[in-house]
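Colleague: Numbering (our numbering), first residue to last: 610 to 820.
Glycine included, every Cβ here is placed at the ideal spot set by N, Cα and C.
Small disclaimer: the values here were computed from a predicted structure and weren't measured.
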């Protein structure tokens with residue numbers, strides 16, 4: 610699906626997502642084709658999102674209509690629309706229907722995630738792109754609490770070796786364990802010990818949307 614919209618190895622893809630399985634799926638899809646994912650915590654403002662999109666020159670944005678934090682609905686797509694008014698690099702927005710709340714869709718730029726997936730033929734297979742072990746995997750920005758947010762680039766081989774090793778030896782999982790990391794996927798702990806670390810060790814991981 611990413612390749613259908615022109616995303617190739619080295620391109621940056623921004624995720625502004627709820628804590629739902631599609632967030633992890635999108636991370637792995639980027640890794641599979643060599644695209645660099647840049648996840649922005651879903652609690653950040655439109656300006657914070659725009660700053661990070663522009664710094665990384667992201668080509669595509671993945672988001673959802675809304676999400677829930679406790680009883681509060683957070684209208685992610687509306688925040689994205691505000692941010693994208695100043696983000697010329699983004700050509701495509703894929704929107705996950707999470708809550709079903711109505712949102713504005715810009716023709717030519719915005720597409721419903723589920724509807725686009727339905728266009729992929731059943732049983733279609735995708736071959737992973739061969740890449741160097743140290744090909745860039747993701748950019749993750751610092752919080753910006755002590756100055757301008759700084760984008761930290763992690764490469765694939767070194768990062769995978771580290772989080773695979775530390776997850777196995779610090780948490781010492783058993784093959785039948787179900788592991789839950791409370792961190793949001795928008796932070797490095799969520800990247801490392803919610804998605805990549807458990808999966809590298811074949812452990813079932815649990816995601817929780819809320820507070």
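(1) Which same chain residues end up closer than 8 Å to residue 792 when comparing Cβ atoms and leaving out the 5 residues on each side of it in sequence?
(2) If you follow the alpha helix (DSSP H) that residue 772 is in, where does it begin and where does it stop?
(3) Taking the straight line between their C-alpha atoms, what separation do you get for residue 769 and residue 675?
(4) Would residue 746 pass as a contact of residue 763 if the rule is Cβ separation under 9 Å?
(5) Where does the unbroken alpha helix (DSSP H) through residue 722 begin, and where does it stop?
(6) If distances are taken between C-alpha atoms only, which option among 655, 634, 625 and 629 comes closest to residue 647?
(7) Among 623, 644 and 643, which residue has its Cα nearest to the Cα of residue 651?
(8) Using 8 Å for Cβ pairs, my map puts residue 795 next to residue 649. What's the rounded Cβ distance?
(9) At a cut of 8 Å, does the segment 612 to 622 reach the segment 659 to 668 through at least three beta carbon pairs?
(10) Could you pull out every residue in the same chain whose Cβ sits closer than 7 Å to the Cβ of residue 777, ignoring the five residues on either side in sequence?
Modeller: Straight from the coordinates:
(1) Taken in chain order, the residues that qualify are 798, 799, 802 and 803.
(2) Residues 765 to 775.
(3) In this structure, the CA atom of residue 769 is about 31 Å from the CA atom of residue 675.
(4) Yes; because the gap between Cβ atoms is below 9 Å, this pair is in contact.
(5) Residue 722: member of the alpha helix (DSSP H) spanning 722 to 726, first to last residue.
(6) Here the closest residue by C-alpha is 625.
(7) The shortest Cα separation from residue 651 among 623, 644 and 643 belongs to 623.
(8) Confirmed, about 6 Å.
(9) Three or more beta-carbon pairs drawn from the segment 612 to 622 and the segment 659 to 668 are found closer than 8 Å, and the two stretches are therefore classed as touching.
(10) Leaving aside the five residues that flank residue 777 on each side, the residues in its chain whose CB is nearer than 7 Å to its CB run, in chain order, 810.
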